[in-house]
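Okay, so here's the structure we're looking at.
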Amino acid sequence: MTDKNPITIDAVRNWNLSAGHRLAIELGSLANTIETDVEVANREVQQSRDYFDSEAGEAMRARYDADRRNALATVDALQAMTTPISEVATLFDNAASTIKETVRKIQESEYQLFYTDDGQVFSRKSVMDWVDDNPLTGLTRSLSVEKARRDFQAALQGALYDIWTADLEYNARIGQVLETLPESVRQALVPVPTDPDLARILRENQVDASDRTVIFPSGELLATLRAIMPDIQPKAMTQEEADALIQLATSGLDGPAKLKTFYDIQDEASTAAANAFPDLGREENAVSLSDGHADAFRHMYWNARMTQEFGADWTNTFASGHEMIGSNPAAREAMDLYNNQLGRAIGANNPDASPEELQQKVLEAINNNQAVVIQPSPDGGQIAFSNSVAPGQNAILPGAGIPMPKGK
1 MTDKNPITID
11 AVRNWNLSAG
21 HRLAIELGSL
31 ANTIETDVEV
41 ANREVQQSRD
51 YFDSEAGEAM
61 RARYDADRRN
71 ALATVDALQA
81 MTTPISEVAT
91 LFDNAASTIK
101 ETVRKIQESE
111 YQLFYTDDGQ
121 VFSRKSVMDW
131 VDDNPLTGLT
141 RSLSVEKARR
151 DFQAALQGAL
161 YDIWTADLEY
171 NARIGQVLET
181 LPESVRQALV
191 PVPTDPDLAR
201 ILRENQVDAS
211 DRTVIFPSGE
221 LLATLRAIMP
231 DIQPKAMTQE
241 EADALIQLAT
251 SGLDGPAKLK
261 TFYDIQDEAS
271 TAAANAFPDL
281 GREENAVSLS
291 DGHADAFRHM
301 YWNARMTQEF
311 GADWTNTFAS
321 GHEMIGSNPA
331 AREAMDLYNN
341 QLGRAIGANN
351 PDASPEELQQ
361 KVLEAINNNQ
371 AVVIQPSPDG
381 GQIAFSNSVA
391 PGQNAILPGA
401 GIPMPKGK
């Protein structure tokens with residue numbers, strides 16, 4: 001799964017969500033149109049018995065009956081998506097309104113406050129500055145400033161979190177709807193590479209969407225972890241992903257420490273990937289980190305390090321659960337799962353390698369055409385072996401797409 005740029009305060013302030021609300025209406029209208037057209041055609045096909053009553057005619061009608069069932073299943077999927085799309089557009093609207101109103105209050109505040117893109121709020125004046133302005137009221141004033149700062153920051157970061165969580169949760173809901181599409185419909189909509197090895201990789205490296213999205217960590221575990229990781233924040237993830245992390249965290253007295261190691265490895269992999277191809281310019285590197293060579297590096301190194309620390313079996317369980325977010329495009333899912341597997345093999349074969357040695361092993365695999373990236377194609381992007389595309393020249397797939405059946 002590609003980690004996109006984080007949602008920022010100023011990005012949300014510029015959102016126009018009218019298209020999101022219209023999309024739900026237009027999908028419903030499209031579903032009704034398709035259903036009407038299909039049933040009109042069905043009547044005409046059935047009436048063909050009057051003039052096409054033969055073996056060929058029966059074959060034609062049988063084929064249309066199968067196509068009709070697929071079309072009506074697609075209609076059901078379109079109709080089922082209208083509610084979550086409408087709901088998430090409303091949630092985004094509410095959170096965006098909170099952010100816009102809070103920013104207005106910050107800008108109009110007498111406390112010389114300003115915000116950052118991640119929702120933090122600061123004052124341009126320190127406590128001593130307020131005291132120096134007025135020794136009698138400065139301390140009380142600074143306490144008022146701090147309260148306002150905290151309140152505004154909580155509002156901004158809370159709204160960002162609501163957006164991020166809703167994005168994942170509703171993406172999963174839509175993904176579950178897309179999973180109900182008939183296999184023949186999905187296969188028709190998912191382009192398959194002509195290279196037989198790549199076609200096999202695409203088919204075999206798929207997982208079913210999770211039935212549930214949860215918030216992790218929470219409750220007592222969150223309190224325990226904050227004792228050693230004060231900055232940890234709960235996040236939405238698949239139930240399978242959370243179950244693997246809970247298993248790690250409760251695996252013994254050192255469980256919380258293991259979970260801290262897990263998060264450290266996650267950060268380590270992101271940093272290493274961002275620096276893995278130093279010859280790339282800033283924009284090329286950003287492209288490479290999304291469905292390209294740096295993204296492949298991150299997945300491979302992450303899985304290699306987790307395998308060293310926690311074993312290949314646990315790492316496989318976690319990494320597969322991590323990819324179970326609904327509506328993950330089939331090509332991206334195949335890329336990530338395949339590269340994860342390569343990384344686990346590197347970690348298992350080099351259990352005592354240092355991080356630097358492991359990074360070199362990962363780069364060698366990528367440079368030896370063993371990894372998979374997304375190459376530009378007429379259909380928007382398809383998997384390719386890593387030497388088929390120059391670093392930074394890969395395609396970036398959309399955030400959601402039609403899933404393939406598992407292992408198909």
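Numbering (the UniProt record's numbering), first residue to last: 1 to 408. Virtual Cβ for every residue (Gly too), placed ideally from N, Cα, C.
Taking 6 Å as the cut-off, is the CB of G326 close to at least one heavy atom of the ligand ADP?
-> In the structure on display, the ligand ADP does not appear, and there are no ligands present to speak of.
Who are V214's beta bridge partners in DSSP?
-> Note: V214 is bridge-paired with M237 in the DSSP secondary-structure output.
Could you tell me the boundaries of the beta strand (DSSP E) in which Y115 lies?
-> Where Y115 is concerned, the enclosing beta strand (DSSP E) starts and stops at 113-115.
With F297 as the anchor, note down where its alpha helix (DSSP H) starts and where it stops.
-> 293-310 is the span of the alpha helix (DSSP H), which, as asked, contains F297.
What residues are listed by DSSP as bridge partners for D375?
-> The residue you asked about is not Asp; residue 375 is Gln in the sequence shown. DSSP lists Q382 as partners of Q375.
How many Å lie between G326 and V192 at the Cα?
-> When rounded, the distance between both Cα atoms is 20 Å.
Y170, buried or exposed, once every other Cβ within 10 Å from all chains shown has been counted against 16 | Y170 should be labelled buried.
Hey, out of R305, G255, K147, whose CA is closest to D267's CA?
-> Among R305, G255, K147, the Cα nearest to that of D267 belongs to R305.
Of the choices Q79, A56, D65, whose alpha-carbon is the least far from that of I25?
-> Among Q79, A56, D65, the Cα nearest to that of I25 belongs to Q79.
What are the partner residues of S290, as DSSP defines its beta bridges?
-> Beta-bridge pairing links S290 to no other residue.
Per DSSP, what kind of secondary structure is V192 in: helix, strand or coil?
-> Looking at V192 - three-state DSSP - the assignment turns out to be coil, as it is neither helix nor strand.
Nearest-angstrom Cβ-Cβ length linking A331 and L202, presumed shorter than 8 Å | About 7 Å; that satisfies the 8 Å criterion.
Going straight from the alpha carbon of N5 to that of P135, what length do you get?
-> The predicted position of N5 is uncertain, since its pLDDT is 47 and thus under 50; no value can be drawn from it.
Helix, strand or coil: how does DSSP classify S123 here?
-> Residue state, collapsed to three classes: strand.
So, D291 versus L397, is the Cβ gap smaller than 7 Å?
-> Going by C-beta atoms, D291 is nearer than 7 Å to L397.
Where the alpha helix (DSSP H) containing G263 begins and where it ends = The question names Gly, but residue 263 in the sequence shown is Tyr. Per DSSP, Y263 belongs to the alpha helix (DSSP H) from 255-274.
Q46 versus R68: straight-line alpha-carbon distance, rounded | When rounded, the distance between both Cα atoms is 12 Å.
Using alpha carbons as the reference points, say which of A296, T317, E283 lies closest to residue 439.
-> The requested residue 439 is not part of the displayed model; the chain covers only 1 to 408.
Pairing CB atoms from the region 273-291 with CB atoms from the region 222-234, are three or more of them under 8 Å?
-> Contact between the region 273-291 and the region 222-234 is absent, because fewer than three Cβ pairs lie under 8 Å.
For D352, does the three-state DSSP call read helix, strand or coil?
-> The answer is coil: DSSP assigns D352 none of H, G, I, E or B.
Within the same chain, show all residues whose beta-carbon is closer than 8 Å to that of L23, passing over the 5 residues directly before and after it, in chain order.
-> So the qualifying residues of the chain are I85, A89.
Pull up the CB-CB distance for T165 and A244, whole angstroms please, since I reckon it's below 8 Å.
-> Going by Cβ atoms, the distance from T165 to A244 rounds to 20 Å, so no, they are not a contact pair.
Taking DSSP as the reference, what is the three-state secondary structure of S29?
-> Of the three classes helix, strand and coil, the one that applies to S29 here is helix, per DSSP.
Please determine, among K258, N303, D37, V389, the residue with the shortest C-alpha to C-alpha distance to residue 414.
-> Limits of the chain in this structure are 1 at one end and 408 at the other, which puts residue 414 out of reach.
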